[in-house]
Structure formats: C-alpha cells, structure tokens
Ligand SMILES: [Zn+2]
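Numbering (the numbering used here), first residue to last: 239 to 635.
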C-alpha cells in the first residue's frame with residue numbers, strides 16, 4: 239500500500255458500516271461451529287472442501303494451492319484478525335480450538351458483526367424465509383427474495399431453496415395469471431409492511447437476465463401449464479420481472495438484482511436495459527458490479543439516475559478487478575450511488591469481505607487522490623458515503 243492508501247485505510251477502519259447484502263443464518267445454525275464448519279460455509283468452501291487438519295500434507299497443499307484466490311486470502315486474514323492465530327500448517331489445530339471456544343458464546347456470531355465489523359445495520363436475505371429478521375430486528379433489515387414468483391407458473395414448483403410462491407399469498411385459491419400477479423403484489427406490499435427494506439432477485443442462477451416487456455397473453459401460456467415450453471416459461475418470467483419492478487416502485491423498495499456470475503448464459507447486466515428503461519421510478523440496486531461484465535454496469539450507472547451499484551462480493555471475487563471497478567464506477571456516476579455489502583453466511587467470511595473492501599476502497603481512493611482527482615478529505619467523505627450513508631438513504635434506514 240502507498241502512504242496515501244495507508245492513511246485512508248487507518249481512517250476508514252473506524253467508520254460505521256451498513257452491510258447492504260448479507261445471508262446471515264438463524265442463531266441456532268451457528269451452535270457448535272468449528273474451523274471446518276467455517277471453511278465449508280464460506281466462499282472458500284465453494285472452491286474446495288477443507289482439509290483434514292491432522293494431515294500436515296493436506297493442509298500444506300490446501301494453503302499453497304489456494305492462497306492466491308481472493309476468497310482464501312481474505313478469509314485467512316479475517317481468521318487471523320479475529321482469533322489472533324494465523325492459518326498455517328503448525329497452527330491450524332490451535333485455530334480450530336480457538337474457533338470452537340469462541341462459539342461457546344451463543345452471541346459470538348452477532349458480536350463479530352457488531353463489534354469486529356462495525357455493522358450498525360445489515361440488509362439480510364435469508365431463504366427459505368423471505369422477510370425474516372432472524373429475531374434480531376435491531377440489526378437485521380430483511381430484503382425479501384422474489385425468485386419464487388418465477389417458479390410459480392405451476393403451483394407445486396418451489397424455487398431452488400424450497401420456497402413456494404403460494405405460501406406467501408393471502409389467498410392461494412386462485413386460477414388466473416391476473417390473480418397470481420395480484421397476490422404477488424399483495425405479498426410484496428406485506429413484506430414492506432412487516433419491515434422488509436428491499437426486494438431481491440437472484441434469478442441469474444437460473445435464467446438469462448435478458449428481460450422483454452412481454453404481454454400478459456404471452457405469459458399466460460405457461461401459467462398452470464406443466465407442459466409449458468422453455469420459451470413460454472421465459473415469457474412468464476419476463477412478465478413477472480416487470481411486475482416485480484413495478485411493485486418495487488409502488489412500495490418504494492429498492493430492487494436488488496444479482497448480476498454477473500450465475501448460469502453465465504447472458505447474465506451480464508446489460509440484459510436489464512429494457513427493464514430499467516421502462517421503470518424509471520424503480521430504484522435498481524445492481525449487485526456485484528456485474529463481474530466479470532463490469533463494463534455493462536458502468537454504462538447503466540452512467541445512463542440511468544435510478545441505478546445504484548453494490549460492490550458486494552466483487553473484492554472477494556477479484557481484489558484487483560474491484561479496485562479498478564471502484565475508480566471507474568465513481569468516475570461515471572456520483573458520490574451517492576455506490577454501496578457495499580458482505581454477501582456472506584459466516585461472520586468470519588463477512589469480516590474477510592469487509593477487510594477486502596477496506597483494502598480495495600483505500601487503494602482506489604488513494605490512486606485518485608495521488609492522481610489529483612480530489613483531496614484526502616473528499617476521499618474520506620466518499621468512503622463514508624459508500625460504507626454507510628448511501629445505504630441509509632437508499633433503504634431509508
Ligand atoms: Zn448474495
């Protein structure tokens with residue numbers, strides 16, 4: 239780090255943070271957690287299963303193979319900072335013991351978020367319980383996931399996490415598409431009434447993000463039709479997405495959309511162009527910078543005032559790309575439309591994601607200061623906006 243970056247880093251590590259996108263679990267799921275559980279349930283676990291800690295060769299191989307990967311880099315850093323023990327062959331068992339001891343305290347998972355991560359609020363999205371605040375309303379504000387409404391073209395089809403759209407309906411006894419959309423809209427209004435501060439769509443894990451402004455007649459072809467063709471199901475999804483975007487505006491709920499990674503088949507953000515253009519009153523909160531198609535997000539940020547960019551996951555996917563992303567995203571938008579969320583399940587991963595973001599933000603802002611774009615105090619103003627104030631304004635919290 240340069241001297242300027244070090245200065246910024248030192249300052250922002252005292253700032254309060256609103257994590258705008260998180261998947262924190264209910265209390266009971268953290269009971270008895272150990273290092274294996276942490277590694278398995280972190281992004282590192284998506285890449286490789288944890289090694290046998292008693293097998294030195296396996297631990298050595300695990301470290302040497304994955305240390306270059308951003309997930310591992312920052313998770314290892316977070317574990318060392320939280321438990322004061324580095325992740326090394328000769329210390330891994332001691333680290334495991336330290337993790338186990340910490341989780342004897344039932345509040346440990348919350349303490350990491352409150353104290354170590356300085357989160358004053360967390361916008362949490364938890365499936366299969368959309369709208370849940372995990373019984374901690376003082377910390378968690380739910381973002382209600384709406385993916386189930388894409389599956390509901392047939393009544394008994396759950397979304398991949400096992401949630402059924404009809405279970406959110408006040409009156410599930412319906413038979414037409416119009417009634418289905420009516421119940422969906424009512425469910426969204428109820429989420430808002432019960433404390434949700436956003437809607438979330440992560441359908442890029444299931445279908446392309448290219449949404450057309452489809453007619454109700456086209457969408458109706460898939461409705462209650464177990465033999466619907468992929469094209470008809472896609473029309474249904476397009477129609478549902480436009481209705482969700484309209485409901486988001488009606489209820490003044492930002493619409494968080496996962497962009498970029500997923501099925502990778504046209505999941506780049508530009509597929510949202512028609513949706514965004516047709517819904518100028520909807521606040522689109524695009525997640526992950528659209529990585530690896532970050533250029534798409536620059537264009538949408540620059541072209542539409544109702545687009546916000548959340549850099550969640552990005553510093554964790556690629557630290558280098560995230561640094562470049564922040565600079566360009568600031569250059570094409572303004573001080574008020576970038577936010578950050580941890581996008582993690584485990585508190586250790588959340589701390590890792592935050593440390594990655596603090597690093598990336600310091601480096602990016604320092605580069606702009608050193609380039610003469612603005613001075614140090616404006617850099618700190620930007621950091622404060624990105625980590626806290628922009629989220630307060632966007633989610634009204
Ligand atoms: Zn997420």
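Beta carbons are placed, not taken as given, at the ideal position from N, Cα and C, and that holds for glycine.
All values reported here derive from a predicted model rather than from experimental measurement.
Whole angstroms are fine: how far does the CA of residue j sit from the CA of residue i?
i	j	result
residue 542	residue 492	15 Å
residue 277	residue 288	6 Å
residue 531	residue 284	21 Å
residue 423	residue 337	44 Å
residue 368	residue 438	9 Å
residue 386	residue 414	17 Å
residue 306	residue 456	48 Å
residue 256	residue 625	6 Å
residue 605	residue 562	10 Å
residue 570	residue 426	32 Å
residue 610	residue 512	37 Å
residue 588	residue 269	18 Å
residue 308	residue 259	19 Å
residue 378	residue 416	33 Å
residue 358	residue 352	7 Å
residue 547	residue 634	17 Å
residue 621	residue 295	42 Å
residue 361	residue 380	6 Å
residue 412	residue 382	22 Å
residue 239	residue 403	49 Å
residue 602	residue 565	6 Å
residue 342	residue 557	33 Å
residue 608	residue 616	13 Å
residue 474	residue 537	28 Å
residue 471	residue 481	15 Å
residue 242	residue 317	26 Å
residue 597	residue 247	7 Å
Kindly indicate which residue of the options has the alpha-carbon position closest to the one of residue i.
i	options	result
residue 504	466, 443, 488	443
residue 627	253, 517, 527	253
residue 523	470, 577, 556	577
residue 508	295, 495, 520	495
residue 553	296, 457, 248, 313	313
residue 245	331, 635, 618	618
residue 407	420, 399, 397	420
residue 335	296, 275, 592	275
residue 567	579, 555, 580, 545	545
residue 331	357, 292, 500	292
residue 395	603, 586, 460, 557	460
residue 374	251, 264, 342	264
residue 487	538, 474, 435, 473	435
residue 519	490, 445, 500, 537	490
residue 586	333, 329, 301	333
residue 279	297, 310, 630, 250	310
May I ask you to list the residues that DSSP assigns as paired with residue i?
i	result
residue 393	Paired residue(s): none; residue 393 is not in a bridge.
residue 439	495
residue 545	522
residue 260	362
residue 255	357
residue 576	547
Can you tell me whether residue i is buried or exposed? The criterion is at least 16 other CB atoms within 10 Å of its CB, across all chains shown.
i	result
residue 479	buried
residue 344	exposed
residue 261	buried
residue 572	exposed
residue 584	buried
residue 431	exposed
residue 673	Residue 673 falls outside the range modelled here, since the chain spans only 239 to 635, and no answer is possible.
residue 410	exposed
residue 502	exposed
residue 497	buried
residue 347	buried
residue 575	buried
residue 467	exposed
How about residue i: is its C-beta nearer than 8 Å to some C-beta of chain D?
i	result
residue 462	The structure shown contains no chain D; it is built from a single protein chain.
What first and last residue would you give for the alpha helix (DSSP H) that runs through residue i?
i	result
residue 554	552-555
residue 341	330-342
residue 380	Not the alpha helix (DSSP H): residue 380 falls in the beta strand (DSSP E), residues 378-383.
residue 468	468-488
residue 600	585-608
residue 415	415-431
residue 514	511-516
residue 245	241-250
residue 301	294-304
Where does the unbroken beta strand (DSSP E) through residue i begin, and where does it stop?
i	result
residue 446	No beta strand (DSSP E) holds residue 446; DSSP gives it neither H nor E.
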